Amino acid sequence: MRVRSTASATIPVLVCTLAIFLLSAMDAGMKSLVLAAGVYNIVLWRSLLATIASAVGWAVKSRVRPDKRAMRLHALRAAIIGIVLVTFFWGLARLPLAEAIGLSFIAPLFALFLAALLLGERIRAQAAWAAVLGFAGVAVIVAGQFGGAAYSPDTLPGTLSILVSAVFYGFNLVLTRKQAQIAKPIDIMFFQNLCLLIIMSLASPWLASLLPRDCWLPLVGVTALSLTGQYLMSWSYARAEAQYLISTEYTAFIWAIALGWFFFGETVSWQTLAGAGLIIASCWIAARAGLRPAQG
């Protein structure tokens, strides 16, 4: 049975790996756009494009209107995602791509403690030690940033912004569990993007401006990468157990190194490699702990 399960997971694992690559390429594209036009306007206009694209899918495949409970959850998660996007891409514009991605891997550990706080889940000792290891990885990366020649005044605020994003992304992971139980993926994509667009639009009288003409085509591209990556991940997780797919998340670090070098000429220090390795190991330990039944 284990051989069959592993074999049946092969295609979903490959598809999920492709999804991670597409989302990593989206991060690289967003970094260029944020540097060119600012984080607020890029997130605002990307939300508009994503809402239009997901609305077409919703109109064709679903047309199910959410009840009040589902709509409140869509709106809450959209607000959380808005914070995640703004803080992550703001920090991404100020840090090398690989360092930002490496720091963002701490999010599942925040989700672990938030699940205990909000859902009453019990934290096992193995998972707690994994969290200690993960935070040690963050410390190694940060120490490397401030001890290297590439240090700039933007390094500290960029790092803090990525860590704030990771905290809220951990909250987002907890909310995802509840949302998936009451809504279909296409409904989530449309109403969540719609709520995000409404939230981002609240500041538009003061912050919004039209993008430069040469930004629109890349923005369409990163929106397509984002929606395609999200869809492929949903497809994979619907067809294989999480234990087979979790490790694909960490290929994002490999893609970040390659994309950062190719597009931005970024190099990766040994501290970043070591710190990311510790964070990846900690998340793997925590995930393995979560696969075991609780004792008592």
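Note that the numbering used here numbers the sequence shown so that position 224 is 266, with each residue one more than the last.
Ideal Cβ positions, reconstructed from N, Cα and C, are used throughout, including at glycine.
As the structure is a prediction and not an experimental result, all values here were calculated from the model.
**Request:** State buried or exposed for V102, treating a residue as buried only when at least 16 other CB atoms are found within 10 Å of its CB.
**Result:** Exposed, because fewer than 16 other Cβ atoms sit within 10 Å of the Cβ of V102.
**Item:** Buried or exposed by the 16-neighbour rule on C-beta atoms within 10 Å, applied to P150
**Value:** P150 is buried by the Cβ-count criterion.
**Message:** Going by C-alpha to C-alpha distance, which of I62, R136, S104 sits closest to F306?
**Reply:** Of the listed residues, the one whose Cα sits closest to F306 is R136.
**Request:** Would you mind sorting F304 into buried or exposed? The rule is 16 or more other CB atoms within 10 Å of its CB.
**Result:** Around the Cβ of F304, a 10 Å sphere holds fewer than 16 other Cβ atoms; the residue is exposed.
**Asked** Mind checking whether G271 and A61 have CB atoms under 7 Å apart?
**Response** Yes; because the gap between Cβ atoms is below 7 Å, this pair is in contact.
**Asked** At a cut of 8 Å, does the segment 256-268 reach the segment 74-84 through at least three beta carbon pairs?
**Response** Enough Cβ pairs lie closer than 8 Å, so yes.
**Prompt:** What are the boundary residues of the alpha helix (DSSP H) that A282 is part of?
**Reply:** Secondary structure note for A282: it is in no alpha helix (DSSP H), with a DSSP letter that is neither H nor E.
**Asked** Which residues in the same chain have their Cβ closer than 8 Å to the Cβ of T265, if we skip the five residues on either side of it in sequence?
**Response** For T265, the CB contacts under 8 Å within the same chain, skipping 5 residues up- and downstream, are R88, L91, A92, A95 in chain order.
**Request:** Determine the DSSP secondary structure at S207, reduced to helix, strand or coil.
**Result:** When secondary structure is reduced to three states using DSSP, S207 falls in the helix class.
**Request:** Determine the direct distance from the alpha carbon of D229 to that of D196, and round the result to whole angstroms.
**Result:** Their Cα atoms are separated by approximately 39 Å.
**Prompt:** How big is the Cα-Cα spacing for T59 and I143?
**Reply:** Our two residues, T59 and I143, have alpha carbons roughly 16 Å apart in a direct line.
**Request:** Determine the DSSP secondary structure at P195, reduced to helix, strand or coil.
**Result:** Residue state, collapsed to three classes: coil.
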